[in-house]
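**Student:** Its first residue numbered 428, the sequence shown is counted upward by one per residue in the numbering used here.
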Amino acid sequence: MPNVKIEHLDKIYDGGVQAVYDFNLDIEDGEFIVLVGPSGCGKSTTLRMVAGLEDISAGKLTIDGKDCTRLPPKDRDISMVFQNYALYGHMTIYENMAFSLTLRKEDKQVIHRKVMAAAEILDLKSQLNKKPKQLSGGQRQRVAMGRAIVRNPKVFLFDEPLSNLDAKLRGSMRREIMLLHKKLNATMMYVTHDQTEALTLADRIVCMSMGRVQQIGKPIDLYEKPANTFVATFIGLPPMNMFEGKIEKGNFVSDLFSYPLNDAQKDALKDYEGQPVIMGCRPENITRDGKVKLTVTNNENLGMNTLVHGKIGDKKLVVAKFAEWCNYKEDDVIEIGFDPVMTHFFELPKMTVNEKGEEVVAEYGKAIR
Ligand code: ADP
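#1: Is the separation between the beta-carbon of PRO710 and that of ASN655 shorter than 8 Å?
#2: Could you check which residue in ASP682, LEU683, LYS697 has the C-alpha nearest to that of ASN689?
#3: Contact check, VAL704 vs GLY764 under 8 Å by CB: the rounded distance?
#4: Scan the stretch 631 to 671 and note each continuous alpha helix (DSSP H) run of 4 residues or more that stays entirely inside, going in chain order.
#5: Cβ of CYS634 versus every heavy atom of the ligand ADP: is any distance shorter than 7 Å?
#6: What would DSSP say about VAL577, mapped onto helix, strand or coil?
#7: Can you grab the Cα-Cα spacing for the pair ASN728 / ASN754, in whole Å?
#8: Can you tell me whether THR472 sits near the ligand ADP, meaning its C-beta is under 7 Å from at least one heavy atom of the ligand?
#9: When you compare each of VAL431, ASN678, MET706 to LYS487 by their alpha carbons, which one comes out closest?
#10: Tell me the rounded alpha-carbon separation between VAL463 and LYS783.
#11: Please identify the residue among GLY701, LEU555, VAL658, HIS608 whose C-alpha is closest to the C-alpha of HIS771.
#12: Drop a sphere of 10 angstroms on the beta-carbon of PRO653, count the other beta-carbons inside from all chains shown, and report buried for 16 or more, exposed for fewer.
#13: Since LEU530 sits in a beta bridge, which residues does DSSP pair it with?
#14: With the cut-off set at 8 Å, would you say GLY565 and ALA545 are in Cβ contact?
#15: Are there any heavy atoms of the ligand ADP lying less than 7 Å away from the beta-carbon of GLY469, as far as the coordinates show?
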């Protein structure tokens with residue numbers, strides 16, 4: 428039985444803004460789910476509906492077999508860890524971690540055992556008598572997690588827990604959260620706008636845009652088989668290069684270059700003869716054995732690889748990532764190709780005009796396979 432079952436969830440805020448459309452997900456016991464997408468895509472709203480901090484406008488939420496759609500947060504058996512820690516400044520770390528259990532009037536000895544166990548897991552035992560302001564940002568975030576752990580919830584919910592930390596600390600906290608998940612073997616739902624966090628932490632990623640789920644899958648599925656143009660460019664860094672063109676007699680033809688399709692690609696694209704399509708290739712799948720001329724604009728050495736930024740023609744910007752130290756200079760011309768196994772094709776997005784009269788995407792371009 429899935430631990431959390433989310434069926435057809437909608438959120439319409441007062442005033443009529445629809446933030447989430449028809450969200451569906453079954454979360455298995457012990458699974459680590461990451462909701463990822465740009466700011467405003469509806470991921471926090473979804474998490475807050477699961478937490479009970481926002482009313483569910485339509486749909487159903489079941490946790491461990493119990494219908495929680497209309498239950499108050501305290502009856503849902505969940506714990507939420509927030510971005511801003513929300514610790515009580517006047518209490519010690521011990522008191523902060525014990526707080527929810529004290530409120531529930533649990534036995535003092537039981538509380539002590541639970542707080543000490545959480546402190547052990549989070550390496551906070553030597554900090555228990557301090558006040559939050561004496562701790563670093565990373566330690567405070569661990570206390571916030573400790574507060575969640577002592578309650579032994581069915582589901583942990585994390586709302587951008589690392590976004591207040593600096594880049595280095597984010598990296599180490601990410602590894603701590605991975606370890607924590609392993610140790611507790613708990614079901615976790617985690618919201619972030621950072622695709623690296625999603626790829627590194629998730630058993631499965633839910634990628635959202637414009638209030639809708641765009642794809643659900645293992646990190647490698649979203650990376651290797653993005654369902655549409657949004658997922659293709661959101662997951663992976665630097666983003667996938669995208670080229671508009673059309674299919675003509677076994678070739679992808681754009682204003683910039685012509686690319687011969689291999690047999691598998693011809694087969695996938697057989698219904699698209701004469702049609703406009705988008706070809707996508709990740710920077711790391713650009714090769715140096717092709718015939719497309721790239722004029723280098725910038726050579727960025729990252730140590731074990733080099734990002735080469737350049738232009739095809741006079742304006743199409745392209746980024747290539749080569750797995751070695753390169754020393755290209757501005758205006759060098761190199762000949763690039765596209766690894767056929769890792770080249771993607773998409774339909775064109777469907778466009779619409781918004782209330783401000785701007786042309787915007789109504790539906791992203793679907794992957795063609
Ligand atoms: P994310 O977490 O992906 O950044 P949110 O779930 O916070 O996105 O917001 C989704 C959309 O809902 C946004 O357009 C946001 O402006 C809107 N929204 C969020 N909270 C409210 C609210 N309390 N009232 C009205 N609109 C809201």
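C-beta atoms are modelled at their ideal positions from N, C-alpha and C, and glycine is treated no differently. Please read all numbers here as calculations on a predicted model, not as lab measurements.
**Tutor:** Well, looking at it:
#1: No, these two residues do not count as a Cβ contact at 8 Å.
#2: Measuring from the Cα of ASN689, the nearest candidate turns out to be LYS697.
#3: About 19 Å separates the two Cβ atoms, so there is no contact after all.
#4: List check, alpha helix (DSSP H) in window: 646 to 651, 656 to 661.
#5: Residue side-chain check: CYS634 keeps its Cβ at 7 Å or more from all non-hydrogen atoms of the ligand ADP.
#6: Coil at VAL577, not helix or strand.
#7: The alpha-carbon separation between ASN728 and ASN754 amounts to approximately 8 Å.
#8: At least one heavy atom of the ligand ADP sits closer than 7 Å to the Cβ of THR472.
#9: Of all alpha-carbon atoms in VAL431, ASN678, MET706, the one lying nearest the alpha-carbon of LYS487 is that of VAL431.
#10: Rounded to whole angstroms, the gap between the alpha carbons of VAL463 and LYS783 is 27 Å.
#11: Closest option to HIS771, Cα to Cα, is VAL658.
#12: Of the residues assessed, PRO653 falls on the buried side of the cut-off, its CB having 16 or more other CB atoms within 10 angstroms.
#13: Assignment of beta-bridge partners to LEU530 by DSSP yields no partner.
#14: Against a cut-off of 8 Å, the Cβ pair of ALA545 and GLY565 comes out as no contact.
#15: Correct: GLY469 has its Cβ closer than 7 Å to the ligand ADP.
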